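Shown next, in structure tokens, is the structure this report addresses.
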Amino acid sequence: MVKGTSKNRLTRVLPYAIWAWVIFMLVSLKYGWLDRFFFGTMNAKVQGIHYDVQGIDYFSLPRGFLNLLEGRSIFDTWGGAPYGPRATWYLSHPAFIVFVASFFSFFSPWVSYGLFTLFTVLVMAYTAFLISQYTKDQLTRQWCFVFLLCSFPLYWVLLTGNSHAPTVLGLAFLFAGVFETLHDKRYTPASANQKLIIGLLICFFSKPVVFIMLPLLLVLPETRRATLKSLAIYAFVSLLFLWVPALNPESIGVSKVFDLLLHPDFVRQHMNIYKNNFVLNEYMKDNSIHWLNLIAQSNHYMNHIEIFSLSSFINTLFETQVPPTVFKLPLLFTVFMSFFILAIKDRQIRLQAALLLLMATSLTFFLSYSIVWEYQYTSVFPVAAFLLIQKNDHTFYQKIIPYVLSLTLLISLPSLYFLLPPYNADTLATQMLLIRSTRVVPVLLIFLIMIVAIVKQFFYSVRGNREKLGGVPLSGNRRRGYR
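Be aware that the sequence shown starts at 3, since it is given in this note's numbering, and climbs by one per residue.
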């Protein structure tokens with residue numbers, strides 16, 4: 003770490019550098035200074051076009067609420083009068099349209115996009131602020147803002163107008179709830195539970211990556227009640243968006259929804275947006291598509307140059323298509339480990355392992371799902387920031403923190419599009435590997451480092467040897483298993 007005068011100087015300068023970069027990103031949205039670092043905008047730049055992807059993930063949000071006002075499906079992105087010059091299909095929870103997108107729908111498209119861009123920056127800044135409050139070291143606090151605000155994946159979130167920032171905030175609240183439970187001498191159970199509920203609800207109503215964390219949260223006695231409360235609220239609101247006609251104007255009926263759940267092959271065949279060439283049928287206009295799409299796109303693989311999943315990396319590396327079930331192993335392993343956390347008798351170490359396992363589980367999305375876009379890597383940054391604030395804590399995973407932080411910095415940097423020649427559909431496999439390596443490889447290594455630390459500590463604990471891997475050894479009666 004930086005010490006003495008150098009640390010003081012860096013502490014004074016770093017805030018200005020952070021906000022200078024944020025302003026630079028915002029201005030670049032207008033003038034395209036960072037276009038060369040991304041495939042979509044680089045190709046557009048070559049063709050003399052800058053705005054062909056800007057806002058592409060955003061305009062469906064206000065369009066969804068306007069659809070609702072017109073009695074149309076939230077998910078009928080291309081139905082009715084167009085809103086904005088382009089849009090991808092909206093697929094997040096229908097409640098997000100009402101709770102968030104509604105506030106931006108009464109402005110003209112580009113003004114609305116600009117306001118949502120500022121909203122995204124504020125959400126990411128608040129995420130950094132939330133995490134930074136758990137440390138008193140000023141430089142560490144500032145580095146939390148560096149991770150959350152100074153990265154190329156975040157610029158892609160801003161340019162496309164994607165709604166991923168709330169998911170990042172939700173993960174931060176979730177980690178905060180478990181962190182406060184771990185440090186219960188400093189934080190009350192009420193505060194920890196409140197943050198856990200907030201984090202779960204934000205994730206539930208934005209992007210459901212948190213569902214794979216539920217087994218662990220339900221197994222742990224300290225988090226079970228808050229998780230059940232969150233699930234109850236989520237279920238109630240979700241049912242409203244299925245049953246209330248005003249919220250689901252093009253409903254296919256509850257009986258058909260249950261029928262679809264019993265016929266996953268039909269869902270995969272007829273409700274995959276890519277197989278359907280972006281044509282929506284009646285099933286895909288019902289609000290249930292938000293949940294059924296997990297089935298519809300399961301095992302679907304695309305080798306697009308902008309996809310940064312482990313499956314795309316491995317399949318390109320070996321020039322074959324590995325069975326998709328192989329890539330579910332990281333996800334299944336974290337779920338499997340969730341049920342063995344209680345075997346760690348020491349409460350502090352058990353909660354440390356739970357927090358680290360939650361972080362590792364959040365990374366399985368990049369390893370187990372076939373379609374992963376670059377902007378989604380912003381989900382890695384709250385993981386790094388929470389590890390950063392624990393760098394001086396006596397956790398069993400203290401020694402792995404510098405490696406995780408270093409790998410996260412690689413994810414913050416631009417991918418290698420800008421080093422390679424112009425791209426087209428015939429881009430060489432070696433180029434694809436180089437491009438994806440800057441995202442997939444660091445996340446894979448971070449995941450493996452975390453899992454190895456958890457497994458080692460698990461075996462130390464079940465053998466009764468509670469030596470911490472990275473902190474101060476336990477001694478006396480606690481070494482023998484007594485509290």
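Built from N, CA and C at the ideal position, the CB exists for glycine as well. Being a predicted model, the structure only gives us computed values, none of them experimental.
Residue i, buried or exposed, once every other Cβ within 10 Å from all chains shown has been counted against 16
i: M27; result: buried
i: G466; result: exposed
i: S110; result: exposed
i: S114; result: buried
i: Y85; result: buried
i: Y405; result: exposed
i: Y33; result: exposed
i: N279; result: exposed
i: N69; result: buried
i: V10; result: It is worth fixing the name first, because residue 10 is Asn in this sequence and not Val. Answer is exposed; the Cβ neighbour count stays below 16.
i: T327; result: exposed
i: S8; result: exposed
i: F213; result: exposed
i: V15; result: exposed
i: F320; result: exposed
i: P266; result: exposed
i: N250; result: buried
Test item: CB-CB of residue i and residue j under 7 Å
i: L436; j: L418; result: yes
i: F310; j: E376; result: yes
i: I456; j: A355; result: yes
i: Q56; j: L132; result: no
i: S107; j: P64; result: yes
i: A387; j: C146; result: yes
i: P416; j: V337; result: no
i: S153; j: S414; result: yes
i: I451; j: I403; result: no
i: L151; j: T129; result: no
i: Y399; j: L334; result: no
i: P444; j: L407; result: no
i: I175; j: K209; result: What sits at residue 175 in the sequence shown is Phe, not Ile. For F175 and K209, no; Cβs fall outside 7 Å.
i: M215; j: L389; result: no
i: Q140; j: T322; result: no
i: P96; j: F243; result: yes
i: G81; j: R74; result: yes
i: I291; j: A362; result: no
Rounded Cβ spacing between residue i and residue j (contact assumed at less than 8 Å)
i: T183; j: E224; result: 5 Å
i: G66; j: I76; result: 4 Å
i: P168; j: I204; result: 6 Å
i: V256; j: W245; result: 7 Å
i: S381; j: S364; result: 6 Å
i: V221; j: I373; result: Between I373 and V221 the Cβ distance is about 29 Å, and since that is not below 8 Å, they are no contact.
i: L241; j: V269; result: About 20 Å separates the two Cβ atoms, so there is no contact after all.
i: V148; j: I25; result: Wrong, their Cβ atoms sit about 15 Å apart, outside the cutoff.
i: Y60; j: F98; result: Not quite, the Cβ-Cβ distance comes to about 13 Å (not below 8 Å), so this is no contact.
i: P384; j: L71; result: Contact flag wrong, Cβ pair sits at about 35 Å.
i: Y285; j: L262; result: 7 Å
Close-in-space but distant-in-sequence residues of the same chain around residue i (CB under 8 Å, 5 per side omitted)
i: Y276; result: Q299, H302, M304
i: V102; result: L63, S165, P168
i: V324; result: S313, I316, N317
i: L331; result: S370
i: N283; result: H272, M273
Check: residue i C-beta below 6 Å from any heavy atom of the ligand ADP
i: V406; result: Only the bare structure without any ligand can be found here, which leaves the ligand ADP out of the picture.
Contacts around residue i, its chain only, beta-carbon distance under 7 Å, and the 5 residues preceding and following it disregarded
i: W158; result: F40, E376, Y377
i: R143; result: S134, T137
i: V474; result: Low confidence applies here, because V474 scores a pLDDT of 44, under 50, leaving its location unreliable; read the following figure in that light. Counting only Cβ-Cβ distances below 7 Å, and skipping sequence neighbours, we find H396.
i: P17; result: Q144
i: I199; result: A228, K231, S232
i: A194; result: G179, E182, T183
i: V125; result: A167, P168, L171
i: T90; result: I58, D59, S62
Neighbourhood of residue i by C-beta distance below 6 Å, restricted to the same chain and skipping five residues each side
i: D288; result: S253, I254
i: V211; result: F367
i: F206; result: Y236
i: Y53; result: With a pLDDT of 46 at Y53, under the threshold of 50, the modelled position of this residue cannot be trusted; read the value that follows with caution. The answer is none, since no qualifying residue turns up.
Extent of the continuous alpha helix (DSSP H) to which residue i belongs
i: N195; result: 191 to 206
i: S414; result: 403 to 414
i: V259; result: 256 to 263
i: M339; result: 331 to 340
i: R438; result: 431 to 464
i: S253; result: Segment: none, S253 is in no alpha helix (DSSP H) and carries neither H nor E.
i: H272; result: 266 to 272
i: K231; result: 223 to 245
i: Q354; result: 349 to 370
i: A89; result: Note, A89: premise wrong, no alpha helix (DSSP H); not H, not E.
i: C146; result: 140 to 151
i: Y133; result: The sequence shown places Ile at residue 133, rather than the Tyr named in the question. Residues 111 to 134.
i: N292; result: The amino acid at residue 292 is misidentified as Asn; the sequence shows His. Segment 291 to 298, the alpha helix (DSSP H) holding H292.
i: R65; result: 62 to 71
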